[in-house]
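Peer 1:
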């Protein structure tokens with residue numbers, strides 16, 4: 002008791018005035034502290050009342066990582082879709098199905114080769130003028146037209162091709178559509194489409210993905226598919242599903258327009274997946290994309306295979322829509338200046354009704370693609386677990402098929418309106434160098450070997466190749482752990498990447514060399530995101546350990562703050 006009292010009294014004048022043995026002193030101190038806390042609370046409430054409700058959210062390295070995450074682990078085809086495909090194919094002969102799948106693959110290869118010839122013809126100058134172009138714009142419009150001598154390269158889906166498509170291609174296209182639409186949902190959290198148009202719907206692969214991404218908002222779906230066999234396949238696959246929206250199928254956009262009133266033609270979301278590449282010529286593609294944009298009320302998504310030809314198609318259609326909307330905005334501005342003063346307010350109101358367009362993803366800018374006229378092309382990859390139909394009917398020269406496949410794709414998502422002006426994520430953020438971080442360590446922490454907190458250079462130069470660890474499909478339970486990432490933690494994050502120009506896009510796999518990471522980033526070069534550039538960004542551990550930590554965990558397709 003004496004020892005405790007001695008320690009208690011010796012500490013009193015230093016740190017614990019509230020523990021004074023005098024009761025009167027304790028009461029006075031408590032009263033003074035409580036009044037200070039009350040004043041502090043009142044002043045805090047007044048300060049909070051003076052803050053604007055729309056104060057910008059401050060980003061931290063942790064929230065930046067969550068906002069930049071856009072890539073997805075291995076995609077699992079939903080059980081309902083796997084069962085629907087299996088039910089659709091149950092009466093098919095295996096040997097006959099193998100031949101159908103091989104023939105379909107050969108048709109795709111022929112179409113790909115013809116598309117390459119068309120692109121080469123365009124490069125040789127086989128361009129024609131656009132008769133609809135205004136005077137003096139022939140040269141500018143000619144780049145959108147090409148004289149084709151190769152005939153119709155579109156694929157005609159009869160019964161055999163349709164069955165083979167459902168068995169071999171539908172799961173992969175579902176995975177690519179789901180990946181793209183999931184990113185649209187993350188970048189546009191307030192976007193919940195109710196009315197949807199799916200052009201080139203096929204067996205409704207995109208519809209399955211849309212229902213997975215927005216399970217409650219979709220109320221009406223219009224499908225445009227010229228193949229009757231594809232229409233029947235899509236209807237068969239959707240049988241026995243509950244909670245389906247109202248679905249209508251049409252053979253063409255013209256038939257859609259004939260059956261819908263003009264004021265009801267706009268859709269919240271319009272998607273075209275793996276369809277533009279099957280259209281014969283660039284002239285026809287532009288005509289169709291213009292029609293799709295006219296039917297778009299908010300967001301348009303274009304999706305093509307991740308090949309040089311697919312990337313070229315996406316780049317051309319992106320440039321055309323942005324150019325068309327910029328021209329429209331210039332005309333409106335010109336008419337506004339020429340209008341009488343009393344009419345200017347009316348013209349300005351009309352101009353504000355979602356004129357213009359900007360890219361939601363993947364591009365962080367609305368300028369010319371920096372990869373044009375280079376040997377690189379913008380594409381992404383989504384890994385998916387193979388379904389039983391893919392394993393049964395796809396051949397691999399006698400070698401057992403792996404339990405997954407990688408679907409490469411190109412895409413663009415455009416939204417009507419003007420790109421919002423946002424602060425860039427790294428504005429006002431300061432990072433310490435590794436030397437400065439070491440200098441701030443507490444003396445008791447010096448016993449820790451700080452270098453052990455990071456992988457050594459030898460470890461980083463010899464990364465484990467996941468491909469070498471793969472096993473046949475029978476052991477996929479062990480394989481999934483290599484690629485499947487927990488996405489729920491990112492899905493529920495309140496901090497999301499905004500639509501400003503401050504988020505670049507990682508368009509190839511990061512290169513990790515020693516204690517530095519190299520990222521190929523497409524980024525905006527102006528604050529209004531009107532121009533962009535392709536750059537290789539090098540992040541070293543010594544100069545910026547915080548961003549180096551994030552770069553090491555970044556993947557192909559993620560965002561990168563600039």
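Numbering (the working numbering), first residue to last: 2 to 563.
Where a beta carbon is used, it is the ideal one built from N, C-alpha and C, also for glycine.
(1) Compare the C-alpha of residue 425 against each of 160, 503 and 335 and name the closest.
(2) With 16 as the cutoff for other CB atoms within 10 Å, does residue 510 come out buried or exposed?
(3) Using a beta-carbon distance below 8 angstroms, is residue 526 in contact with chain B?
(4) With distance defined between alpha-carbon atoms, name the residue in 373, 292 and 253 nearest to residue 202.
(5) Among residues of its own chain, excluding the 5 on either side of residue 378, which ones have a beta-carbon nearer than 7 angstroms to its beta-carbon?
(6) Leaving out the 5 sequence neighbours to the left and right, which residues in its chain are closer than 8 angstroms to residue 200 when beta-carbon positions are compared?
(7) Is residue 473 helix, strand or coil by DSSP?
(8) Check whether the stretch 67-87 and the stretch 388-397 are in contact - that is, three or more C-beta pairs closer than 8 angstroms.
(9) In whole angstroms, what separates the C-alpha of residue 172 from that of residue 556?
(10) By DSSP, does residue 555 sit in helix, in strand, or in coil?
(11) Which residue or residues does DSSP assign as beta-bridge partners of residue 268?
(12) Would you call the stretch 296-308 and the stretch 168-182 in contact, with 3 or more CB pairs under 8 angstroms?
(13) Starting from the C-beta of residue 411, find all residues in its chain whose C-beta is less than 6 angstroms away, skip the five residues before and the five after it, and write them out in chain order.
(14) So what's residue 520 in DSSP terms, helix, strand or just coil?
(15) Applying the criterion that 16 or more other CB atoms from any shown protein chain within 10 Å of the CB defines a buried residue, is residue 512 buried or exposed?
(16) Kindly identify the DSSP beta-bridge partner or partners of residue 249.
(17) Have a look at 515, 505 and 497 and flag the residue whose alpha-carbon is nearest the alpha-carbon of residue 191.
(18) Under 8 angstroms, do residue 182 and residue 211 count as touching if we go by C-beta distance?
(19) Which residue comes first and which comes last in the alpha helix (DSSP H) that contains residue 67?
(20) DSSP state of residue 257, grouped into three classes?
(21) Would the C-beta of residue 408 count as close to the ligand SAH, meaning under 7 angstroms from any of its heavy atoms?
(22) Any contact between the stretch 245-252 and the stretch 277-285? By contact I mean 3 or more CB pairs, one from each, below 8 angstroms.
(23) Comparing C-alpha positions only, which one of 71, 230 and 229 sits nearest to residue 189?
(24) Are residue 562 and residue 67 closer than 8 angstroms when you measure CB to CB?
(25) Does residue 77 come out as helix, strand or coil in the three-state DSSP assignment?
(26) If you follow the alpha helix (DSSP H) that residue 188 is in, where does it begin and where does it stop?
(27) Is it right to say residue 549 is buried, meaning 16 or more other beta carbons lie within 10 angstroms of its own, or is it exposed?
(28) Could you give the first and the last residue of the continuous alpha helix (DSSP H) run that contains residue 230?
(29) Using C-beta distances below 8 angstroms, list every residue in its chain close to residue 507, excluding the 5 sequence neighbours before and after it, in chain order.
(30) Could you pull the start and end residues of the alpha helix (DSSP H) that residue 561 belongs to?
(31) Sort out for me which residues DSSP pairs residue 536 with in a bridge.
(32) What's the gap between the Cα of residue 330 and the Cα of residue 266?
(33) Which residues mark the beginning and the end of the beta strand (DSSP E) in which residue 383 is found?
(34) Determine the contact status of residue 367 and residue 420, defining contact as a CB-CB distance below 8 angstroms.
(35) Going by DSSP in three states, residue 309 sits in which element: helix, strand or coil?
(36) In whole angstroms, what is the alpha-carbon distance linking residue 197 and residue 392?
Peer 2: Reading from the atomic positions:
(1) Out of 160, 503 and 335, 503 has the C-alpha closest to the C-alpha of residue 425.
(2) Residue environment analysis places residue 510 among the exposed positions, since fewer than 16 neighbouring C-beta atoms fall within 10 angstroms of its C-beta.
(3) In summary, chain B is missing from the structure at hand, where a single protein chain is found.
(4) Shortest Cα-Cα distance from residue 202 to any of 373, 292 and 253 involves 253.
(5) Hits under 7 angstroms: 309, 312 and 372.
(6) These residues qualify, in order along the chain: 225, 254, 271, 272, 273, 276, 289 and 293.
(7) Reliability of the predicted coordinates at residue 473 is poor, the pLDDT of 37 falling under 50, and no value is obtained from them.
(8) Judged by Cβ distances under 8 angstroms, the stretch 67-87 makes contact with the stretch 388-397, as three or more pairs qualify.
(9) Taking the straight line from one Cα to the other gives about 23 angstroms.
(10) When secondary structure is reduced to three states using DSSP, residue 555 falls in the coil class, being assigned neither helix nor strand.
(11) The partner list for residue 268 (beta bridge, DSSP) reads 297.
(12) The stretch 296-308 vs the stretch 168-182: in contact.
(13) Taken in chain order, the residues that qualify are 305, 307, 311, 312, 315 and 380.
(14) Residue state, collapsed to three classes: strand.
(15) Exposed is the call here.
(16) Residue 249 pairs with 223.
(17) When 515, 505 and 497 are compared, the shortest CA-CA separation from residue 191 is found for 497.
(18) The answer is yes: Cβ separation under 8 angstroms.
(19) DSSP places residue 67 inside the alpha helix (DSSP H), whose first and last residues are 62-69.
(20) Assigned with DSSP and collapsed to three states, residue 257 falls in helix.
(21) Among the ligands in the structure shown, none appear at all, so the ligand SAH cannot be discussed.
(22) Per the Cβ contact rule, the stretch 245-252 is not in contact with the stretch 277-285 (fewer than 3 Cβ pairs under 8 angstroms).
(23) Nearest option by C-alpha distance: 71.
(24) Not in contact: residue 562 and residue 67 (Cβ atoms no closer than 8 angstroms).
(25) Residue state, collapsed to three classes: coil.
(26) Run containing residue 188: 171-188, per the alpha helix (DSSP H) assignment.
(27) Buried, because 16 or more other Cβ atoms sit within 10 Å of the Cβ of residue 549.
(28) Bounds of the alpha helix (DSSP H) holding residue 230 are 229-239.
(29) Around residue 507: 520, 521, 522, 555, 556, 557, 558, 559, 560 and 561.
(30) No alpha helix (DSSP H) contains residue 561, which is instead part of the beta strand (DSSP E) from 560-562.
(31) The partner list for residue 536 (beta bridge, DSSP) reads 522.
(32) Spanning the two alpha carbons is a distance of roughly 22 angstroms.
(33) Unbroken beta strand (DSSP E) run through residue 383: 381-386.
(34) Closer than 8 angstroms, so yes.
(35) Taken through DSSP and simplified to helix, strand or coil, residue 309 comes out as helix.
(36) So the two alpha carbons sit approximately 32 angstroms from each other.
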